[in-house]
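Step one of this worksheet: look at the structure below.
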């Protein structure tokens, strides 16, 4: 079945450590996105990529980094520079333009301990 | 800047009844798309319904329909014959179109938590 796989489902990180969240899709979608979800704030865009080897910052990119070396993969690294990293992270993909909406993964819950 | 407002943080409805979730948005654009997404307790976002702004006809998907009022910038979601599986967080989203066709972005509201009571 086609879809988006995010792993792991739960992730714990010590303060000062970088951590990478995985996102893989087999939908042959060109565009991929990372969102952060906090209670009462909806979804906020971190980074997005329209094509391989290209990506742009979203509204809250500080403290995060991404890469897009393959069409299927768009990993997100939460660096130690992110001051409040505990959150739920959602990855999404779409055909170019996203006019039919995004397909979302099941998310990763990151907790800093 | 585009903003999406969902003024009802929480709502409840009796099973088999009808409920309407409100959404308003602010934009100076004329061409855009609107969406409703559902996020059940599993937390996976599921597309419920989609509306193209240039179409006057309201979109319908089975028990889900919208009331799209372009002049009022309102996009409410009506759920008929509510079922227990409809219990979820519902997000309204606005998509601004850019001329290149790429880089279109979603703007999400803060969500409405809907509980269907048996």
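Residue numbers (my numbering), protein chains in the order written: chain A, 45 to 157; chain B, 21 to 138. All residues carry an ideal CB built from backbone N, CA and C; glycine is no exception. None of these values were measured; they are calculated from a predicted model.
query                                                                                                                                                                                                            : result
Taking any Cβ of chain A, which residues in the stretch 36 to 70 of chain B have a Cβ under 9 Å from it, in chain order?                                                                                         : 53, 55, 57, 59, 62, 63, 64, 65, 66, 67, 70
Give me, in chain order, the residues of the same chain whose beta-carbon lies closer than 7 Å to that of residue 51 of chain B; leave out the 5 immediate sequence neighbours on both sides.                    : 73, 74, 117
How close, in whole Å, do the beta carbons of residue 24 of chain B and residue 129 of chain B come, if the pair is a contact with beta carbons under 8 Å?                                                       : 4 Å
Could you tell me which uninterrupted beta strand (DSSP E) segments, each at least 3 residues in length, are contained entirely in the stretch 109 to 150 of chain A, listed from first to last along the chain? : 120 to 122, 131 to 138
Roughly how many whole angstroms lie between the Cα atoms of residue 54 of chain B and residue 63 of chain A?                                                                                                    : 34 Å
Look at the Cβ atom of residue 55 of chain A, then the Cβ atom of residue 121 of chain A, and state whether they are nearer than 8 Å.                                                                            : no
Excluding the five sequence neighbours on either side, which residues of its own chain have a C-beta within less than 6 Å of the C-beta of residue 70 of chain A, listed in chain order?                         : 46
For residue 98 of chain A, name the three-state secondary structure that DSSP assigns.                                                                                                                           : strand
Along the chain, where does the beta strand (DSSP E) that runs through residue 58 of chain B open and close?                                                                                                     : 52 to 59
Does the stretch 83 to 102 of chain A touch the stretch 30 to 37 of chain B, meaning 3 or more C-beta pairs lie closer than 8 Å?                                                                                 : no
At 7 Å on the CB atoms, spell out the chain B contacts of residue 134 of chain A, in chain order.                                                                                                                : 65
Going straight from the alpha carbon of residue 76 of chain B to that of residue 60 of chain B, what length do you get?                                                                                          : 30 Å
State whether the stretch 109 to 128 of chain A contacts the stretch 90 to 108 of chain B, with contact taken as three or more CB pairs (one from each stretch) at a distance under 8 Å.                         : no
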